[in-house]
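Numbering (this note's numbering), first residue to last: 1035 to 1301.
Heads up, the beta-carbon is just placed ideally off N, CA and C, and yes, glycines get one too.
Below is one structure, written out as structure tokens; the observations come after it.
Structure representation (structure tokens):
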């Protein structure tokens, strides 16, 4: 009986082992969100990190959004031309850019560039015992280092999403009119007929959630780095992969909820 109980306990432990990192990430996210409202807030660290995130993310975000808008316009325009509804290309392309392409392009760059840098920085501090030294001095590493970085990635993601959406819409418009021979009037008319303000709001809300998730994941993988420089490198790689998986899951959930709560605008 004892052997059987031991075997069952071992099997249960193996089954629940993959859930341990999920629980650790959830507890870490809860601690970060709780520390957001604790004073004093590290404004200088926040502005420095915001400038860093903007510097490494702005140009790549703009460059990646232009092809997004062009490809979306090309695909939608070709399909609608076969259906005889080419006049609706503008509405579908712009809505796709504002709701989906711009937030995903923005946070992909932020999670890949800024998130990896945050994970590497915190991981290096961890293996040098700097985080433990802060705790010994009575300073919370979460409040001092992590909260400003997470908020910086969140705020910059929201702001960059607006830039990416504008660039993507302009790029899609130029591609549709100049390359596909579409009508500028029909493009703009279809857009204004079907688009609505909640479409912009949900894009900004997605960017906010994406930036928050990417920042928390990057910080978590940094502060849990183990095994010296190799552990820091592994943490950086894991932060990017985990961020992308969670971001696409969040995007699916938010999109599904949005389409249930906000009815589409008819012609």
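*Measuring CB to CB, does residue 1245 end up less than 8 Å from residue 1199?*
Not closer than 8 Å, so no.
*Less than 8 Å separating the beta-carbons of residue 1206 and residue 1128?*
Result yes, Cβ atoms of residue 1206 and residue 1128 sit closer than 8 Å.
*Extent of the continuous alpha helix (DSSP H) run through residue 1142*: Unbroken alpha helix (DSSP H) run through residue 1142: 1136–1143.
_Let's test the definition: count the other Cβ atoms within 10 Å of the Cβ of residue 1133 and tell me whether it reaches 16, buried, or not, exposed._
Classification for residue 1133: buried.
*Assuming residue 1099 and residue 1256 form a contact by the criterion Cβ under 8 Å, report the distance between their Cβ atoms to the nearest whole angstrom.*
28 Å between Cβ atoms; not a contact.
*With residue 977 and residue 1276 assumed to form a contact (beta carbons below 8 Å), what rounded beta-carbon distance in angstroms separates them?*
Look at the range of the chain in this structure, 1035 to 1301, and you will see that residue 977 is not part of it.
_Rounded Cβ spacing between residue 1091 and residue 1167 (contact assumed at less than 8 Å)_ = That pair is no contact at about 31 Å.
*Could you name each continuous alpha helix (DSSP H) segment of 4 residues or more that falls completely within the stretch 1185–1247, going from the start of the chain to the end?*
Runs found: 1218–1228.
*Supposed contact pair residue 1161 and residue 1267 - C-beta distance, whole angstroms, cut 8 Å*: Contact between residue 1267 and residue 1161 is ruled out by a C-beta separation of about 11 Å, above the 8 Å threshold.
*Rank 1251, 1258, 1290 by C-alpha distance to the C-alpha of residue 1274 and give the top, closest one.*
Put simply, of 1251, 1258, 1290 the residue whose alpha carbon is nearest the alpha carbon of residue 1274 is 1251.
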